[in-house]
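Before any comments, here is the structure.
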Amino acid sequence: MIVIENLYKRFGKLEVLKGINMQFNAGEVVSLIGPNGSGKTTLIKAILGLIKPDKGVITVNGATVNGSPAYRASIGYMPQIGRYPDNMKVGQLLTMIREIRNTSNQDTQLEEEFNMDLLCEKPLGTLSGGTKQKVNAALAFLFNPPVLILDEPTAGLDPLATEILKAKIAQEKKKNKLIIVTSHVLSDLQELTTHVAYMQEGRLIFKKDLPTLQRETGEEKLGLAIAQIMRQQKNTQG
Amino acid sequence: MMKLTRYVLYDILRNKIVLLYAAFLFLITAGLFQLEENSSKAILSLLTIVLTVLPLVSLIFTTIHYYNSYEFIELMLAQPLSRTRVLLSEYFGLVLSLLGAFWLGVGLPVLFYSPDAIGISLLITGSLLTLVFISMALFTSVHARDKAKGIGLALLLWFYFSLIYDGILLMLLFALSDYPMEKLTLLLSALNPIDLARIVIMLKMDVSALMGYTGAIYKNFFGNAYGTIFTLGVLILWAAFPLGLAKRKFLKKDM
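So the sequence lines, in the order shown, correspond to chains A and B.
Each residue of the first sequence is one higher than the one before, counting from 0 in numbering that gives the first Met the number 0.
Each residue of the second sequence is one higher than the one before, counting from 0 in numbering that gives the first Met the number 0.
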């Protein structure tokens, strides 16, 4: 569904993406992981067209990114920190996004489970970080998009909300959607992940499915498997 | 387009600064007309205020609004919306709110106390100046990633157009006073929208006699219909050009 070819991006002197080649397919739940500053968020922003790559091509469902913005209709994006106009009310934000998307194919499940109707009259500036995160999640899932990109989705959410979100991801996974999740809290999403993509210093080190990864590292738990790989990386470098 | 603009406008109106600005303009304008017996004198005082306050408020307000809306703009860009549309929605939201404040604060009293050619031209040039300085501020904010730098640039623009430029012009005229400078002065005044606005209104008020020989030339040129169209055209260019540059940068920008 998403094909990334030979992607390069530098910010001034800092080379953030150094030739990424990657493919994401429908039905995958990909955990995009890597140390801080490895280029995860930059890669996601490039897919969304928020960042213009220096070199390389990204296609989403056959449409090249950097052409018409229409391809973004098939992507639901949950940003790391959502900041909205302080004076806008939650209800207005939801209405506005509905007007922009202008589609009848709506999925209000998260909106209901997070009790957004109780927040409708509250200005977004008064919401706590976790509550904003709930708004973000509700917005990302609202249009039943075939691609979901979640940037650190569980950061700041309380345990109850995390469980609701996890259940929702599991449900969407069954619908053969592509779900890309960046997260440093591995155990949170371990049971949902089908593939792991590991990035380091602007390069994709590997993208493997979970059984392969478990076999290769001999670790059952995803967290331990990743730790094992990070250690190996360090050894080969040092 | 209008859908997004509506929400931008709503957000701006909710933070009350624009309303405060409108009230401030209204008090000053109505006050001046009350104090001065002669409405043309009041307009002259009003002109000084309009030419100082209007550009400053437009620049600073636009800059702060842009930086405060940064994450919101990012959210819009993650939706199936083009960058041009998002930027123009922000622009029109700002234009509608600041123009609204100007017409409420200055427009109403002027139309009430002095609904003549001078009053109307003050309102038209004031509106155009608002557009010009919103465009400029949008241009600098899109360029500078850092908020402090953006506000600094906006202030610098204001200092340049309201103080520094006149100083340079005066120095130039003084140094080259032995040469015929009429055409050049005409051209140089077009390079500063504030000067241009001032000249247009001064000429309408018949105080151009105070401006001596240059005033006569201005009168000769700007006084006729052709001159007025030229001035308004140049002001519109001053609004369109920075907006175009801002758009060009915004299309290529990394968010």
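Note that the Cβ used here is the ideal one computed from N, Cα and C, for glycine as well.
List the endpoints of the continuous beta strand (DSSP E) containing residue i.
i, result
"A/ARG9", "1-10"
"A/SER30", "28-32"
"A/TYR76", "74-77"
"A/LYS220", "Segment: none, A/LYS220 is in no beta strand (DSSP E) and carries neither H nor E."
"A/VAL180", "177-181"
"A/VAL56", "54-59"
"A/LEU147", "146-150"
Between which two residues does the alpha helix (DSSP H) containing residue i stretch?
i, result
"A/ALA154", "From DSSP, A/ALA154 is part of no alpha helix (DSSP H); its letter is neither H nor E."
"A/ASN135", "128-140"
"A/ASN20", "Careful: A/ASN20 lies outside any alpha helix (DSSP H), inside the beta strand (DSSP E) at 13-23."
"B/LEU55", "38-67"
"B/LEU121", "116-142"
"B/ASP255", "Because chain B spans 0 through 254 in this model, residue 255 of chain B falls outside it and cannot be assessed."
"B/LEU165", "A quick correction: the sequence has Asp, not Leu, at residue 165 of chain B. First-last of the alpha helix (DSSP H) with B/ASP165: 164-174."
"B/VAL199", "192-203"
"A/ILE43", "39-46"
"B/GLU35", "It is not in any alpha helix (DSSP H) - B/GLU35 carries neither H nor E in the DSSP assignment."
"B/VAL94", "82-101"
"A/TYR36", "In the sequence as displayed, the identity of residue 36 of chain A is Gly instead of Tyr. First-last for A/GLY36: undefined, no H or E at that position."
"B/ILE11", "1-13"
"B/ALA77", "Looking at the DSSP string, B/ALA77 is not in any alpha helix (DSSP H), and its letter there is neither H nor E."
"B/SER188", "181-189"
"B/PRO241", "224-251"
Would you please verify whether the beta carbon of residue i is less than 8 Å from any beta carbon of chain B?
i, result
"A/GLU111", "no"
"A/MET115", "no"
"A/GLN79", "no"
"A/GLN91", "yes"
"A/TYR7", "no"
"A/LEU149", "no"
"A/PRO152", "no"
"A/LYS167", "no"
"A/GLU98", "yes"
"A/LYS51", "yes"
"A/MET0", "no"
Examine chain A for any beta-carbon lying closer than 8 Å to the beta-carbon of residue i, and answer yes or no.
i, result
"B/ALA77", "yes"
"B/ARG13", "yes"
"B/ASP145", "no"
"B/MET1", "no"
"B/TYR65", "no"
"B/GLU89", "no"
"B/LYS248", "no"
"B/TYR20", "no"
"B/LEU186", "no"
"B/SER81", "yes"
"B/PHE71", "yes"
"B/LYS251", "yes"
"B/TYR178", "no"
"B/MET201", "no"
"B/SER68", "yes"
When DSSP builds the beta bridges, which residues end up paired with residue i?
i, result
"A/PRO122", "A/LYS88"
"A/LEU203", "A/MET198"
"A/ALA62", "A/VAL59"
"A/ASP208", "A/HIS194"
When you compare each of the options to residue i by their alpha carbons, which one comes out closest?
i, options, result
"B/LEU308", "B/LEU3, B/VAL56, B/ARG5", "Chain B is shown from 0 up to 254; residue 308 of chain B falls before or after that span and cannot be answered."
"A/GLY26", "A/GLY36, A/MET0, A/LEU42, A/ILE46", "A/MET0"
"B/LEU93", "B/TYR159, B/LEU12, B/LEU46", "B/LEU12"
"B/GLY69", "B/LEU122, B/ALA100, B/THR124, B/ASP145", "The sequence shown places Tyr at residue 69 of chain B, rather than the Gly named in the question. B/TYR69 has its Cα closest to that of B/ASP145, out of B/LEU122, B/ALA100, B/THR124, B/ASP145."
"A/VAL15", "A/SER30, A/ASN65, A/GLY36, A/VAL28", "A/GLY36"
"B/ILE117", "B/LEU172, B/MET204, B/LEU195, B/LYS2", "B/MET204"
"A/THR40", "A/GLU151, A/MET115, A/ILE163", "A/GLU151"
"A/LEU92", "B/PHE221, B/TYR6, B/LEU236, B/GLY232", "B/TYR6"
"B/ASN67", "A/MET87, A/SER67, A/GLY66", "A/MET87"
"B/ALA143", "B/TYR225, B/ALA29, B/PRO54, B/ILE63", "B/ILE63"
"B/SER140", "B/THR129, B/LEU156, B/SER126, B/LEU128", "B/LEU156"
"A/HIS194", "A/GLN22, A/GLY201, A/THR153, A/SER67", "A/GLN22"
"B/ILE27", "B/VAL105, B/LEU58, B/TYR90, B/LEU43", "B/VAL105"
"A/VAL89", "A/ASP116, A/THR102, A/LYS17", "A/ASP116"
contact_flag[the stretch 230-244 of chain B, the stretch 122-135 of chain B] where n(CB pairs < 8 Å) is 3 or more | Yes: at least three Cβ pairs fall under 8 Å.
Are the stretch 226-237 of chain A and the stretch 71-79 of chain B touching by the rule of at least three beta carbon pairs closer than 8 Å?
-> Short answer: they don't touch.
Check whether the stretch 144-163 of chain A touches the stretch 65-77 of chain A, counting contact only when three or more Cβ pairs, one atom from each stretch, lie closer than 8 Å.
-> By the Cβ rule, the stretch 144-163 of chain A counts as touching the stretch 65-77 of chain A, because three or more pairs are nearer than 8 Å.
Inter-stretch contact at 8 Å, needing at least 3 Cβ pairs: the stretch 118-130 of chain A / the stretch 76-93 of chain A = The stretch 118-130 of chain A vs the stretch 76-93 of chain A: in contact.
Segment contact flag, the stretch 6-19 of chain B with the stretch 220-227 of chain A, C-beta cutoff 8 Å, min 3 pairs = Output reads no: the stretch 220-227 of chain A does not touch the stretch 6-19 of chain B.
Can you find at least 3 beta carbon pairs, one from the stretch 201-216 of chain A and one from the stretch 48-60 of chain A, that sit closer than 8 Å?
-> No, the stretch 201-216 of chain A does not touch the stretch 48-60 of chain A.
Determine contact between the stretch 93-104 of chain A and the stretch 154-171 of chain A, defined as no fewer than three beta-carbon pairs at a distance below 8 Å.
-> No, they do not touch.
Would you check if there are 3 or more beta carbon pairs closer than 8 Å linking the stretch 182-202 of chain B to the stretch 84-98 of chain B?
-> With the cut-off at 8 Å, the stretch 182-202 of chain B and the stretch 84-98 of chain B do not touch.
Three or more C-beta pairs below 8 Å linking the stretch 162-171 of chain B and the stretch 121-129 of chain B = Segments in contact, no.
Check whether the stretch 172-179 of chain A touches the stretch 100-111 of chain A, counting contact only when three or more Cβ pairs, one atom from each stretch, lie closer than 8 Å.
-> Cβ pair count under 8 Å is below three, so no.
Do three or more CB pairs link the stretch 100-118 of chain B to the stretch 28-39 of chain B at distances below 8 Å?
-> Under the three-pair Cβ rule at 8 Å, the stretch 100-118 of chain B counts as touching the stretch 28-39 of chain B.
Evaluate contact between the stretch 84-91 of chain B and the stretch 167-181 of chain B, counting only Cβ atoms and requiring at least three cross-stretch pairs below 8 Å.
-> No: the two stretches stay apart, fewer than three of their Cβ pairs being nearer than 8 Å.
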